[in-house]
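Under the numbering used here, the first residue of the sequence shown carries the number 6, and numbering increases by one thereafter. One structure below.
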Amino acid sequence: MVCRLQLGQALGLLAAAMVALGSAGCRVARPGAYPIGLYSVGSETNLAEIADAGFSLVAGPARRGFLDTAKANGIGVLASPGSSAGEHFNAAKVRSTVAEFDRHPALWSWYLIDEP
Numbered sequence: 006m007v008c009r010l011q012l013g014q015a016l017g018l019l020a021a022a023m024v025a026l027g028s029a030g031c032r033v034a035r036p037g038a039y040p041i042g043l044y045s046v047g048s049e050t051n052l053a054e055i056a057d058a059g060f061s062l063v064a065g066p067a068r069r070g071f072l073d074t075a076k077a078n079g080i081g082v083l084a085s086p087g088s089s090a091g092e093h094f095n096a097a098k099v100r101s102t103v104a105e106f107d108r109h110p111a112l113w114s115w116y117l118i119d120e121p
């Protein structure tokens, strides 16, 4: 089966074993799972097609609509809390976003930055 994703931007392929730091130490976010994902997916309107293509993880915003649509399509999210690490980091915004979405069932991890 060939699936064509037309997202209007380059799609970055990523495969990751995600871990989350809990109060008892380090734990695997989804035991037994090996996610295959995309870095740049556009909007949540693309998530059904992405799931149909066999992907199970995407990088995206920590917004209710995006997370809810991802969950409905069986996709986990590396969620950006709306402020990247670095010089202009907004700790208050990150705390607020994490407090709101940290237990959302689609959340795999928080994504702050991957390069300077």
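Built from N, CA and C at the ideal position, the CB exists for glycine as well.
Per the coordinates, the alpha-carbon of leucine 117 lies some 5 Å from the alpha-carbon of serine 89. Of the residues Val99, Ala96, Gly65, the one whose Cα lies closest to the Cα of leucine 112 is Gly65. For isoleucine 80, there is no enclosing beta strand (DSSP E), as DSSP marks it with neither H nor E. Counting along the chain, alanine 56 sits inside the alpha helix (DSSP H) bounded by residues 52-57.
By DSSP's assignment, valine 63 forms a beta bridge with Leu43, Val82. The beta carbons of leucine 52 and alanine 75 sit about 6 Å from each other, so the pair counts as a contact at 8 Å.
With contacts defined as CB atoms closer than 8 Å, asparagine 78 and alanine 58 fail to qualify as a contacting pair.
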